[in-house]
Amino acid sequence: MKERRSGIHPLIAILILLLLAIGSLILGRMYVNNAKEEFLAAEKEYPESAISTYLDQVKEKNFDGIYEDSLVVAPHINSKEDYIHKLEEIYGNIDFNKIEFAPSEDGDGSKKYLLAYEGKYLATLELLKSSDGRWLASTLFSGNNNYVVEVPQGLKIKVNGIDIDDSYKIEENVVASNFTGLRNTTSAPHVDKYALNNLLGEPQIEVVGESGYGTLKDVITSHILVGKTNEDSALKNTFISNSKTCAQFPAQEAGLGAVSGVVITDSEFYERVRTLQNNWFTAHGTSNFSNENAFQIIQQSEDTAVGYVTFDYYASNGEVSRTWNAGYQVSMMNVNGTWKIAGMGIDSRLNPNKTQNY
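This is the structure:
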């Protein structure tokens, strides 16, 4: 009788080995996946991870995400359109694999990195650790796009859709800059002034909870003035007629008495007109005004208004003739029912016909 062999059948052994191999592979993959997840989680805790995420977003044109992160990292009041346009200017035609970065030591305590492309400066990123532990990056744009906005006292504004709080306020309840030339400012509009710095474009301003407000850029201070828009034709005609009277004085077509009838005499502007030498203007027999226009009129208070006036003035003495393309910013005040000029700034660039450099 043959002796019976003990052991495992070869097929069963192969199956066991196969199962062990599969189990090891699964366990190995689980370990690798867990390790990868742990590595990725750990990587997110390093500041440089924000730069990689940021560059991936730019490359994929995920500009919305970049803009939202920028509002968290370095709050600003640039519009999304201006912000994205600037990003496209910076990263428009580059190979992202060639971008290099290095930490910037500027001493202000923030974490910044400089980006370079082919040895040339590209941009500066500021990094911030969010509340959920992730690092976020935001582009810091430099420039001289700074504005002062004068808002009728007590009103609140939004700039590019973003609420402006008192941290932007630099002066409160002061006389509007275009009326500071009055000797008596009792009836002048009072405003709050806000400083808006490092903007990429002209700010879009709206008054919170109000409609019908517009803006005008002061030709003297470059401040942005805010006020209620006014399209009244009678007021426009008064702006034009008062301005023409002032323009006729240096041409010796109107006397000082006529000027004093349309200008507040207790003002710096009237004093400048009163002391103006007009004997240099050549005597002429022919003159006329044309292309008269008053536009962008706003009211900073019920009894004050400011707007632009343009017209062309032609004069000839038979031998010599010339046309002046005039442009003015006119601030007016209603005094006892009559609108009078409180101040004026000259800017011939307002005139669409301006082609000569005088």
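The numbering of the sequence shown is the working numbering, which starts it at 146 and goes up by one.
Cβ atoms here follow ideal geometry from the backbone N, Cα and C, with glycine treated the same way.
Could you give the C-beta distance for Y212 and K231, rounded to a whole number, given that I count them as a contact under 8 angstroms? Rounded, the Cβ-Cβ distance is 11 angstroms, inconsistent with contact.
DSSP three-state assignment for S412, whether helix, strand or coil: S412: strand per DSSP, three-state reduction.
Please state the DSSP three-state secondary structure of S388. Three-state result, S388: helix.
Please state whether DSSP places V418 in a helix, a strand or coil. helix
Separation of S388 from G402, as counted between CA atoms: Approximately 15 angstroms, taken between the alpha carbons.
Does E464 come out as helix, strand or coil in the three-state DSSP assignment? Coil.
Thinking C-alpha only, which one of K499, G372, K206 is nearest A450? G372
Among residues of its own chain, excluding the 5 on either side of V320, which ones have a beta-carbon nearer than 7 angstroms to its beta-carbon? So the qualifying residues of the chain are T330, A333, H335.
Considering only the alpha carbon of each residue, which of L495, R328, N470, V217 lies closest to D277? For the residues L495, R328, N470, V217, the minimum Cα distance to D277 belongs to V217.
If you reduce the DSSP assignment to three classes, tell me which class G490 lands in. strand
Do Q441 and G359 have their CB atoms nearer than 9 angstroms? yes
Pop quiz: T374 and I302 are said to be a contact at Cβ under 8 angstroms. What is the actual Cβ separation, rounded to whole angstroms? About 15 angstroms; that fails the 8 angstroms criterion.
So L327 and A487 are supposed to be a Cβ contact under 8 angstroms. How far apart are they, rounded? 6 angstroms
Apart from the five residues on each side of it in sequence, which residues of its chain come closer than 6 angstroms, Cβ to Cβ, to A268? The residues are I235, L260, T284.
Can you have a look at T483 and say buried or exposed, based on whether 16 or more other CB atoms are within 10 angstroms of its CB? exposed
Within 10 angstroms of the Cβ of V407, are there 16 or more other Cβ atoms? Answer buried if so, exposed if not. buried
Range covered by the alpha helix (DSSP H) that runs through V304: Here V304 belongs to no alpha helix (DSSP H); instead the beta strand (DSSP E) covers 302-304.
Please state whether DSSP places V203 in a helix, a strand or coil. helix
Just how far apart, CA to CA, sit A471 and K381? 16 angstroms
Own chain residues within Cβ distance below 6 angstroms of Y228, not counting five before or after: The beta carbon of Y228 lies closer than 6 angstroms to those of Y212 in the same chain, with the five residues before and after it left out.
What would DSSP say about A219, mapped onto helix, strand or coil? coil
C-beta contact flag for P220 and W280 at 9 angstroms: no
Work out the CA separation of A392 and D457 for me, nearest whole Å. In this model, D457 and A392 are separated by some 11 angstroms (Cα to Cα).
Could you pull the DSSP bridge partners for L260 from this structure? F246, A268
Compute the beta-carbon to beta-carbon distance between Y473 and S432, rounded to the nearest angstrom, for a pair I have assumed lies under 8 angstroms. The Cβ separation is near 18 angstroms, so there is no contact.
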